[in-house]
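Colleague: The sequence shown begins at -16 in this note's numbering and counts up one residue at a time.
Each residue gets a CB set at the ideal place from its N, CA and C atoms; glycine is no exception.
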Amino acid sequence: MSLRALIFDVDGTLADTERDAHRVAFNQAFAEAGLPFSWDVPTYGYYLRVTGGKERLRAFLNEHPELPQLSDADIASIHRQKTGYYVEMMNAGLLPLRPGVERLLNAARDHGLLLAIATTTTPANVESLLKSTLGAEAPQRFHTIGAGDIVSHKKPAADIYTYVLGQLGLPAADCLAIEDSANGLQSARGAGLATIITQTEYTKGQDFSAALRVLDHLGETASPAHVLQGQAAGEQVVVDIPTLQEWWADLRQG
Ligand code: XBP
Ligand code: MG
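Below, the structure written as structure tokens:
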């Protein structure tokens, strides 16, 4: 038996999109709509516990009854504007992939592993990020891109990973998920997936006890990653396909 597919989260995992891209795009859309608030870095970090941009804005308004309240239609319209600003930023090439991501995607292709995406973000965001960082053909490298409202319950519900596994036609036991957050970990584990965490500034300190390994990033030869939790904690590693195969096989042997 061998590992057959890698399923990647997007925000925080492929790229550090939240603070300098999603947050900024939300604030542009709020200003454009004449709304009397914006999200600073800590406030946005607090509301990241709610996945999905529309859901995040609703949660913020629910906790701020003193602010003008918006209908679902208004939220949807502001969110469409926000997506437009986000896509513009990606098209301008403003955000790089995280260390090791392109290397690992290439290695997976060379080893014949299937690639997929399971994310809460809007499909247009995924497409623009992939194209701006990896080229116009990049979305076609993924067998399945599961994104946004395609399922009714977003992470931490397992629905998006269950959907992607169904599209791949593979059991969870043949795949690994790569995530950055506790919400993502809960979602992937709920679908039965062993999960590697590459934490971010926003997600460090979250409960990753259910992860197979927790790392600071995937690592490059010149700047290896640090294993922060799990077997071999404290070691440095450049995560490649043999590494993932080994971690995955250890799991099988209990
Ligand atoms: C990502 C999200 C998304 C993005 C914003 O979570 O929750 O909502 O923050 O994208 P994950 P949208 O990385 O766990 O998938 O505004 O398009 O929802
Ligand atoms: Mg994420």
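CB of residue 200 to nearest heavy atom of the ligand XBP: below 7 Å?
Modeller: Not so, every heavy atom of the ligand XBP lies at least 7 Å from the Cβ.
Colleague: Below 8 Å, can you find three or more Cβ-Cβ pairs linking the stretch 189 to 203 to the stretch 161 to 174?
Modeller: With a cut-off of 8 Å, the stretch 161 to 174 and the stretch 189 to 203 count as touching, because enough Cβ pairs lie within range.
Colleague: Quick one: grab the DSSP three-state call for residue 86.
Modeller: Helix, per DSSP.
Colleague: Ordered along the chain, which non-local residues of its own chain (more than five positions away) have a Cβ less than 7 Å from that of residue 216?
Modeller: The residues are 210.
Colleague: At a threshold of 7 Å, does residue 162 count as lining the ligand MG (C-beta to nearest heavy atom)?
Modeller: Because some heavy atom of the ligand MG lies under 7 Å away, the Cβ of residue 162 counts as near it: yes.
Colleague: Closer than 7 Å to a non-hydrogen atom of the ligand MG - does that hold for the CB of residue 149?
Modeller: Every heavy atom of the ligand MG is 7 Å or more from the Cβ of residue 149, so no.
Colleague: Do you know whose CA, among 219, -10, 76, 68, lies nearest residue 201's CA?
Modeller: It is 219.
Colleague: Could you round the C-beta distance between residue 138 and residue 103 to whole angstroms and report it? I think they count as a contact, below 8 Å.
Modeller: Contact flag correct, Cβ pair sits at about 5 Å.
Colleague: Helix or strand or just coil, what does DSSP make of residue 228?
Modeller: It is helical.
Colleague: Using 8 Å as the threshold, is the C-beta distance between residue 115 and residue 74 below it?
Modeller: Yes, they are a contact pair.
Colleague: Taking only three categories from DSSP, how would you classify residue 129?
Modeller: Strand, per DSSP.
Colleague: Would you mind giving the Cβ-Cβ distance between residue -10 and residue 156, rounded to the nearest angstrom? I have them listed as a contact below 8 Å.
Modeller: About 13 Å; that fails the 8 Å criterion.
Colleague: Between 222, 198, 213, which has its C-alpha nearest residue 204's C-alpha?
Modeller: Nearest option by C-alpha distance: 222.
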